[in-house]
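Take a look at the structure:
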């Protein structure tokens, strides 16, 4: 489940050790030396600390040893409390591994501009773990809602060391976060760029992005602790050849629901931004995904007549097939982030740039490329 204590630099292999993208360790260019400066905040899965390394300041995200239900795993049934199941799925989906895989995909495809800069992972040595405890005394077991209820760290002792695993971190650019209570104005251009980034991240095989404005640093994605990056056990059936046809259909449906939710979350972010005191830009008419305008805004005035509605198949739509990753050539062709901004009018997502569509079983119809393009700006 977790990396063991490294004995030499050769043990700091790219993580996680499963199929797909991996993140390399940060190169200290010598002995590990970290100065813990300031506590920046916490989320469900991690603490964030301002640190200094060789006269440069960074944000170090230190991951908790979270509860099993805090990540997308085998489920909470008693029969799933299995070390083998948890270890196999955890390589793809445990928060630290999820974030390593997403940043690893951005690095290997040359699309690091889609997120805050990431410089690699860090395993705190015993000296720095002691310094961290003396400086900040952080609880590393559990989550922010129920910290320290169980000793999750000691469940998986290192095969070589026999000790609880080291504290894991990911080193990132130190940026400016947003006060959600009173955030600054979100411009139409920035909102459209964020939507473009969502589409392109999905084209690169990264979805489940937890789209919220307080998750953005410098208006860029910074948190991939719940992200799914293909290949993934939800999207790649070859990872589990014993799956039945019914199970495969359910998993495809689940994958499309999760991918579609990234766009729902974006629309919710736009709608809630428009209610903030300092919001001046008119986003509702200028930045939409779905036909008819913002779903959350128009839903307030809509009345449903459910009794006269006939039963229908559940339809799930997504701008991108979450099971597929565009080739590096195709993803770069659709990337307008490197060409400079041309103002609100020149910043729109091009029609037809929605990626591949899923032409699967009738239970899960998804729009064809032409119709999917209509859903983009």
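In full-length UniProt numbering, the protein residues as written are 1 to 377.
Positions of the beta carbon are idealized from the N, C-alpha and C atoms, including for glycine.
At what residues does the beta strand (DSSP E) containing residue i begin and finish?
i           : result
residue 450 : A query on residue 450 cannot be resolved here, the shown segment of the chain reaching from 1 to 377 and no further.
residue 57  : 56–63
residue 123 : 118–123
Checking the sheet assignment: what are the DSSP bridge partners for residue i?
i           : result
residue 42  : 47
residue 141 : 65
residue 147 : 142
residue 25  : 121
residue 115 : 221
residue 207 : 228
residue 37  : Per DSSP, none; premise fails for residue 37.
residue 15  : 23
residue 283 : In the DSSP output, where bridge partners are listed per residue, residue 283 has none listed.
Just to confirm, is the Cβ distance from residue i to residue j under 9 Å?
i           : j           : result
residue 117 : residue 173 : yes
residue 278 : residue 164 : no
residue 4   : residue 108 : no
residue 64  : residue 1   : no
residue 168 : residue 121 : yes
residue 208 : residue 259 : yes
residue 137 : residue 70  : no
residue 123 : residue 204 : no
residue 191 : residue 281 : yes
residue 233 : residue 88  : yes
residue 199 : residue 284 : no
residue 383 : residue 47  : Nothing can be reported for residue 383, as the shown portion of the chain is limited to 1 through 377.
residue 267 : residue 294 : yes
Considering residue i, what are the terminal residues of the alpha helix (DSSP H) in which it resides?
i           : result
residue 131 : 126–135
residue 172 : Note, residue 172: premise wrong, no alpha helix (DSSP H); beta strand (DSSP E) at 168–172.
residue 199 : 188–203
residue 233 : Residue 233 -> no alpha helix (DSSP H), and no H or E assigned at all.
residue 95  : 95–109
residue 323 : It is not in any alpha helix (DSSP H) - residue 323 carries neither H nor E in the DSSP assignment.
residue 271 : 245–273
How close, in whole Å, do the beta carbons of residue i and residue j come, if the pair is a contact with beta carbons under 8 Å?
i           : j           : result
residue 37  : residue 50  : 5 Å
residue 210 : residue 230 : Actually they are not in contact, since the Cβ atoms of residue 210 and residue 230 sit about 17 Å apart, beyond 8 Å.
residue 91  : residue 166 : About 17 Å; that fails the 8 Å criterion.
residue 6   : residue 45  : The pair is not a contact, with the Cβ atoms about 23 Å apart (cut-off 8 Å).
residue 195 : residue 287 : 7 Å
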